[in-house]
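Input: a single structure, listed below in structure tokens.
Protein chains in written order, with my numbering: chain A, 673 to 1040; chain B, 673 to 1040.
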């Protein structure tokens, strides 16, 4: 190994049917070695978007060809607003036009939207083909590319249509984060920050201490942040792949966050921005339940704000919030369930009385 | 048990993650006992089509309500031509409008199209909810409702988009077959006949001996035909749920059959009609390969014809056949693979030289 050795890490994800590696490092995308595990002479379809294609499609396709694969490319329009059936259909059209069969491998090259759609296309094409996640945003490296959740949005709810489909491997090339706009880097930090309150108090302290390095995309800081985030996510997903219980804690801040995204129209707020603001609300809800002190809410809010994320939610009537949150996938028989912090580093999912949720929402500006 | 005891049967399907029963009998749809295993006070969405709804929606919904379920209904347009994303979307729209959550159970009440679409909707809604198959056609009772294959069609290929998703249970009420048009009964017999050549020479003889009873929907004959078909299918699916090998033998006649369906436009030929005719071609291909004598081809063709099924394929150029068959899901790297009969009661999947396939097609009228 070269001087990059300190900048390489590997995390394994163990699910009941499948174990796969997350490779974290620099210079991975364009290295034929990254793709050496694929069946020789196989067919690979790289799915990306219009923004990522000019940056990384050429090195990835070159490395795949150099390792003996037949490669083609589909570039989708960029953005959460396109995470729908019409865009998914473009992947299926390409696969069928290319004569892709059950042994074809899809490569998701891009952020969370590309990863979710490519993974869902792989889950459904001929009832399931293999795919590889190559996340090029911080958010997708630390969250959406790991754990096998795939899907598309429905006008009435985010990620309502989807599948659990684990990738063959995840390739997190930190070089890709150099071209990431500051706003997207901040959005990714929201999901990094999340792992502190739900699972690791020491990691929360580390993030606070290294926020400046993280915001300027310092590689050494990113390796640690991505690795620790993936370790926590892998640990949780390994215990509860299909989200029958524990896994739901990864949705801290997401019940409020999804309501913000859906209510504003997908793409107005970045997912990480909505989650950042949602965590402030969820922390306050935990405080209202008497689980954590007000000082924790201030601390978390301060960190989220310092990460460049919004902490003030949109001003909506309480009834609108409730109706948006009732379609959350954690809801049961119409009862909304929230991820709450029981102590810094420990989370739980529980139903919360509507009146109490309303009180918290009003404190953050919600109207009657 | 009443005098119906002889008319009841149960077959269990064992897959790696899941074991579930197929209940075969009379008077099952409207009996609250059929639904007694559901979570008390749960939500059930019955998905059916415009043809089946007036016949069976009321008794099924009544029995579900009597057993304590909250029930709603979606009726889709009838027919293979509607087995597409647009129709599937109507199920999702209904589920979200009803506030259906992850514990909601879908009931597929209808033939293969309803079963495939409802199963796929259940596989994808919130990344997976439970469903029950209630097949009301012979074809779906003996084939499509068992084994967990779900999906929709793509303009370029049948069942190209789908998932493996096993039902909670399958309810085959033979009373439903009394209202089945003769053409659909014949189409179902094609899949019943299939089980003979691929797995059970004695069953093939039994079908020949009881064809008259089967064609007039005699209940005792149907119980045996449905039970034996489901037993064979359960045995095969139990050994190879995801079709990595053995399961493909269930597709005897289907490579030619899918080409007929796609080439004629979905819905022109019933699936069972295309499979019936496809089996004549596949038997002839097996003969051409020297595996079975010409007398077997004549025998099978005679039975298929006597079952009221077409035995003459459409007249197309060989190149059109080949191009239609190359999108088959069994194809690998552009090479078409066929299910062939090695001996009566034993099948295998193998690639076959294009020239040999062309010779068989020409014998059945294909042009150059």
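Here a beta-carbon is modelled for each residue, glycine too, at the ideal position from N, C-alpha and C.
- Taken atom to atom, the span from the alpha-carbon of residue 781 of chain A to that of residue 899 of chain A is near 19 Å.
- Here residue 838 of chain B is buried, its C-beta having at least 16 other C-beta atoms within 10 Å.
- The stretch 730-739 of chain A and the stretch 870-880 of chain A do not touch, with fewer than three beta-carbon pairs separated by less than 8 Å.
- Residue environment analysis places residue 694 of chain B among the buried positions, since at least 16 neighbouring C-beta atoms fall within 10 angstroms of its C-beta.
- Residues of chain B with a Cβ closer than 7 Å to the Cβ of residue 826 of chain A are, in chain order, 764 and 768.
- Here the C-alpha atom of residue 961 of chain B lies approximately 40 Å from the C-alpha atom of residue 718 of chain A.
- Using a Cβ-Cβ cut-off of 9 Å, residue 750 of chain A does not count as an interface residue toward chain B, since no Cβ of chain B sits closer than that to its own.
- Annotation: the continuous alpha helix (DSSP H) that includes residue 947 of chain A extends over 943-960.
- Residue 690 of chain A is bridged by DSSP to A:687.
- Residue 743 of chain B carries a strand assignment under DSSP once its states are collapsed to helix, strand and coil.
- Spatial neighbours of residue 895 of chain B in its own chain (CB-CB distance under 7 Å, excluding positions within 5 residues in sequence) are listed in chain order as 679, 681, 696 and 846.
- Comparing alpha-carbon positions, the option among A:798, A:726 and A:790 lying closest to residue 916 of chain B turns out to be A:798.
- One Cα belongs to residue 924 of chain B, the other to residue 706 of chain B, and the distance between them is close to 33 Å.
- In the three-state DSSP reduction, residue 797 of chain A falls in the strand class (E or B).
- Between the stretch 921-937 of chain A and the stretch 951-967 of chain A, the count of Cβ pairs shorter than 8 Å is three or higher; the stretches touch.
- The beta carbon of residue 969 of chain B lies closer than 7 Å to those of 955, 956 and 959 in the same chain, with the five residues before and after it left out.
- The beta carbon of residue 902 of chain B is closer than 6 Å to those of 683, 694 and 818 in its chain, skipping five residues each way along the sequence.
- The distance from the Cβ of residue 778 of chain A to that of residue 801 of chain A is about 7 Å, consistent with a contact at the 8 Å cut-off.
- Sequence-distant Cβ neighbours of residue 920 of chain A in its own chain, meaning closer than 6 Å and more than five residues away, are 1002 and 1021.
- The contact set of residue 1001 of chain A on chain B, defined by CB atoms closer than 7 Å, consists of 774 and 798 in chain order.
- When DSSP reads this structure, residue 860 of chain B sits in no beta bridge, so it has no partner.
- The secondary-structure analysis by DSSP pairs residue 902 of chain A with nothing; it has no beta-bridge partner.
- Per DSSP, the beta bridge partners of residue 807 of chain B are B:782.
- Judged by DSSP in its simplified three-state form, residue 775 of chain B adopts coil rather than helix or strand.
- DSSP places residue 1032 of chain B in the uninterrupted alpha helix (DSSP H) bounded by 1026-1035.
- Going by DSSP, residue 1023 of chain B is part of no alpha helix (DSSP H) but of the beta strand (DSSP E) stretching over 1018-1023.
- B:820 is the residue among B:820, B:865, B:849 and B:965 whose C-alpha sits nearest the C-alpha of residue 835 of chain B.
- If you draw a straight line from the Cα of residue 766 of chain A to the Cα of residue 746 of chain A, it is about 7 Å long.
- The bridge partners DSSP lists for residue 821 of chain B are B:836.
- Chain-order list of chain A residues neighbouring residue 1004 of chain B: 773 and 775, by C-beta distance under 7 Å.
- Annotated three-state conformation of residue 1006 of chain A is coil, per DSSP.
- Buried is the label assigned to residue 700 of chain B, since at least 16 other Cβ atoms lie within 10 Å of its Cβ.
- Interface residue (Cβ-Cβ distance to chain B less than 9 Å): residue 831 of chain A is classified as such.
- Under the 9 Å criterion on CB atoms, residue 933 of chain B is classed as non-interfacial with respect to chain A.
- Residues of chain A whose Cβ lies closer than 8 Å to the Cβ of residue 998 of chain B are, in chain order, 771.
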